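Here the sequence shown is numbered in full-length UniProt numbering, starting from 1 and rising by one per residue.
Where is the CB? At the ideal position from N, CA and C, for every residue including glycine.
Remember, it's a predicted structure, so these values are computed and weren't measured experimentally.
So the structure is just underneath, and the comments pick up after that.
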Amino acid sequence: MLEKTSNNKTIARNTLMLYVRMLITMFVGLFTSRIVLNALGFTDYGIYNLVGGLVTMLSFFNVGLSGASQRFISYEMGRGDIASMKKVFCTAVITHKALAVIVVVLFEIIGVLLVNFKLVIPDERIFAANWVLQCSLITTAVSIISVPYSSCVVAHEKMGQFAYISILETVLKLGVALAIMISPIDKLILYSTLILLIQVTVRLIYTTYCKRKFEECTFMYQFDRALFKKIFSFAGWGCIGNMGWGLKDQLLNIILNLFGGTTVNAARGIATQVNGIISSFASNFTMAMNPQITKQYAAGNLNRSIALTMAGSKYAFFLLSLITIPFLINEHYVLRLWLGEVPKYTDAFVAIILISSCVYSMSHTVSTAIQATGYVKWFQILLAATLLLEVPVAYIILSLGGAPYVAVIPNIFTCLLSLIVRIVILHHYVPQYSITDYIFGTIFRSVIIFSIAYAISYYIRSLFEESFFSLVITAVLSTLVVLLCVFILGLSKYEKSMVIEKIRNIIHKKIK
C-alpha cells in the first residue's frame with residue numbers, strides 16, 4: 001500500500017513538472033512560431049516543414065530503438081537488476097551509433113534526390129532547401145546517438161530535469177526567431193543552422209547529466225550479443241509501426257505538395273505545430289505514467305499495471321479535450337490573433353488534426369502495456385498497415401478534385417481503428433484486459449462526452465461576437481462545461497467520491 005501511494009505521488013509530481021514545462025514552452029512557442037512564420041514567409045516556412053520533415057521519414061528507426069531502450073531499462077529497473085541495466089545501456093549506445101551512420105548514408109542519397117528532382121520547390125530556393133536537408137540530417141544523427149541517455153532520464157522518472165532542459169530549448173528557439181528577424185543573410189539558411197546548434201547543445205546537456213547522475217550511464221564496450229538480438233528484434237518490429245507513422249505523415253506532405261504547393265505544406269505545418277503544443281497536455285501525463293506501467297508489469301503487479309493503463313487512457317483523452325474544445329470553438333480568432341495572416345486551409349487542417357489527436361491520446365498507455373509484455377511483432381505490423389491506409393485514400397480524394405484538408409479527414413478513422421487494434425492485441429497477450437470494458441467504458445463514453453461538451457460550448461460561443469473578451473469568456477465557460485461533463489459522465493462512483501473528498505480537504509484547509 002505504501003509503495004502504491006509512493007508511486008502515485010511520483011506520477012503526480014512528475015505530471016506537475018511536465019505541465020509547468022508545457023505551459024512555459026506553449027506560450028513561448030506560440031510567440032516564436034508567429035515570429036518565424038513572419039520572418040521566413042509562407043514559401044520558406046513551407047520548405048522548412050517539407051524538407052525538414054523528410055528526415056523524420058527515416059526517424060522511425062530512431063523512435064523504434066528509443067522505445068526499445070526505454071522499455072528494457074524500465075523493465076530491469078522494475079526487477080531491480082543494476083548489472084542488467086548497465087548491460088542494456090552499453091548495448092543500446094553501440095546500436096544507436098551504428099544506426100546513426102546507416103541513416104546518414106541512406107538519407108544522403110534519398111533526400112538529395114527528392115529535394116533536387118522531385119519536390120515542387122522554387123528554383124531560387126533549391127540551395128537553401130539542400131542546406132535545410134543537411135542541417136536536419138546532422139540533427140537527426142546527434143539525436144539518435146543520445147537516445148539511450150534521454151531514455152534513462154525517463155526510465156528514472158526524472159521529469160524535473162527533463163522539464164528544465166525543455167524550457168531552455170524553448171527559450172533558445174525564441175532567441176533564434178528574434179535573430180532571423182534582423183539578419184541580413186538568408187533567413188532560412190540561418191534558421192536551420194541555429195536550430196541545429198540548439199539541438200546539439202541540448203543533446204550534450206542530456207548526455208552530461210546522465211553520466212553524472214546514473215550509475216549505468218558510464219559507457220564501456222560491453223556488447224551482449226544475446227541482449228542485442230532481443231533489443232534489435234523489439235526495436236525492429238517497433239520500427240515497422242513507427243515507419244507507418246513517418247511514411248504516412250511524409251507521404252501526405254508530398255502528396256499535398258504535388259497538388260497544392262508549399263503554401264498547403266505551410267498550412268499543414270502550422271496545424272501540426274498547434275497539435276504538438278495542445279497534445280502535450282495528454283502526452284505529458286502519459287509520459288509520467290508509462291515507466292510505472294512497465295515497472296509494475298515487470299515486478300508481477302499485473303492488476304496495478306492494468307489499472308494504470310486504463311486510467312491513463314481515459315484521463316489522457318479528458319485532459320486533451322479540456323484544451324481542444326475551447327480552442328476549436330475559438331479557432332478562427334485565435335489563429336489570426338497568433339499569426340496575423342493565416343495560410344489558406346489552416347483552420348480546417350487544425351480542426352481535423354486536433355480531433356485525430358484526441359482519439360489517438362487514448363492509445364498511449366495501451367501501447368506501453370503491449371510493449372511491457374515484449375510481444376510487439378503483430379502489434380507493429382497491424383499498426384503500420386492501418387495507418388498507411390490513409391495515404392491512398394488521400395491521393396484518391398485529391399485526384400478527384402477534393403480540397404486539401406479533406407484528404408486528412410481519414411486520419412480520424414485510422415486513429416480510431418488503430419486504437420481498437422491495440423486493445424484486441426493487448427487482450428490476446430494479457431486476457432485480463434477486457435475489450436468490452438474498454439470499448440464501452442472508455443472509447444464510447446469518451447466520444448459521448450466530447451460530443452456533448454463541444455455542442456454546448458459551440459452554442460455558448462455563438463452567443464458572442466468575435467473579440468478578445470469573448471475569447472476569454474467562452475474559453476472559461478467551455479472549460480467548465482468539459483469538466484462538468486467529465487465529472488458526470490466520465491468518472492466512476494469511486495473517482496467522483498475521491499474528487500469530492502479532495503475538494504472538501506482543499507476548502508477545509510482554506511477555511512483554517
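For residue i and residue j, I'd like the C-alpha separation in whole angstroms.
i              : j              : result
tyrosine 209   : lysine 158     : 11 Å
valine 406     : isoleucine 396 : 11 Å
lysine 295     : valine 153     : 15 Å
threonine 218  : threonine 43   : 45 Å
valine 424     : lysine 230     : 24 Å
alanine 299    : glycine 160    : 25 Å
serine 69      : threonine 474  : 44 Å
threonine 309  : leucine 197    : 38 Å
proline 326    : serine 478     : 6 Å
isoleucine 435 : glutamate 390  : 25 Å
tryptophan 131 : glycine 111    : 11 Å
glycine 276    : alanine 266    : 15 Å
isoleucine 439 : serine 446     : 10 Å
methionine 498 : isoleucine 355 : 29 Å
threonine 5    : leucine 400    : Low confidence applies to threonine 5: its pLDDT is 49, below 50, so where it sits in the model is not reliable, and the reading given next is rough at best. About 57 Å.
proline 343    : isoleucine 456 : 29 Å
Anyone know if the C-beta pair for residue i and residue j falls short of 9 Å?
i              : j                 : result
histidine 364  : serine 321        : no
threonine 286  : threonine 368     : yes
leucine 252    : valine 408        : yes
leucine 328    : alanine 351       : yes
isoleucine 412 : phenylalanine 349 : no
asparagine 116 : isoleucine 126    : yes
serine 183     : cysteine 135      : no
leucine 194    : isoleucine 35     : no
threonine 32   : lysine 211        : no
glutamine 371  : cysteine 239      : no
leucine 40     : isoleucine 180    : yes
residue 517    : serine 283        : Absent from the structure is residue 517, since the part of the chain shown begins at 1 and ends at 512.
Once DSSP output is grouped into helix, strand and coil, what is the label at residue i?
i                : result
histidine 508    : helix
alanine 299      : coil
serine 367       : helix
histidine 156    : coil
asparagine 275   : helix
phenylalanine 27 : helix
proline 326      : helix
aspartate 437    : helix
leucine 400      : coil
proline 122      : coil
leucine 2        : For leucine 2, the pLDDT reaches just 43, beneath the cut-off of 50, and the residue's location in the model is therefore unreliable, although a value from the coordinates is still provided. Reduced to three states, the DSSP call for leucine 2 is helix.
At which residues does the alpha helix (DSSP H) containing residue i begin and terminate?
i                 : result
threonine 218     : It is not in any alpha helix (DSSP H) - threonine 218 carries neither H nor E in the DSSP assignment.
phenylalanine 228 : 225-260
tyrosine 360      : 346-361
tyrosine 375      : Element bounds for tyrosine 375: n/a, residue is neither H nor E.
valine 472        : 468-485
alanine 407       : Segment: none, alanine 407 is in no alpha helix (DSSP H) and carries neither H nor E.
valine 430        : No alpha helix (DSSP H) contains valine 430, which DSSP labels as neither H nor E.
valine 342        : Taken as a continuous stretch (DSSP letters only), valine 342 belongs to no alpha helix (DSSP H), as it is neither H nor E.
glutamate 108     : 82-117
isoleucine 448    : 445-462
Assign residue i to one of two classes, buried (16 or more other C-beta atoms within 10 Å of its C-beta) or exposed (fewer than that).
i                : result
serine 462       : exposed
residue 513      : Nothing in the structure corresponds to residue 513, since the chain is present only between 1 and 512.
tyrosine 494     : exposed
leucine 23       : exposed
phenylalanine 89 : buried
leucine 2        : Note on leucine 2: pLDDT 43, under 50, position unreliable in the model; no value is reported.
asparagine 330   : buried
aspartate 347    : buried
asparagine 290   : buried
Can a CB atom of chain B be found closer than 9 Å to the CB of residue i?
i          : result
valine 476 : Here there is only one protein chain, and chain B is not present.
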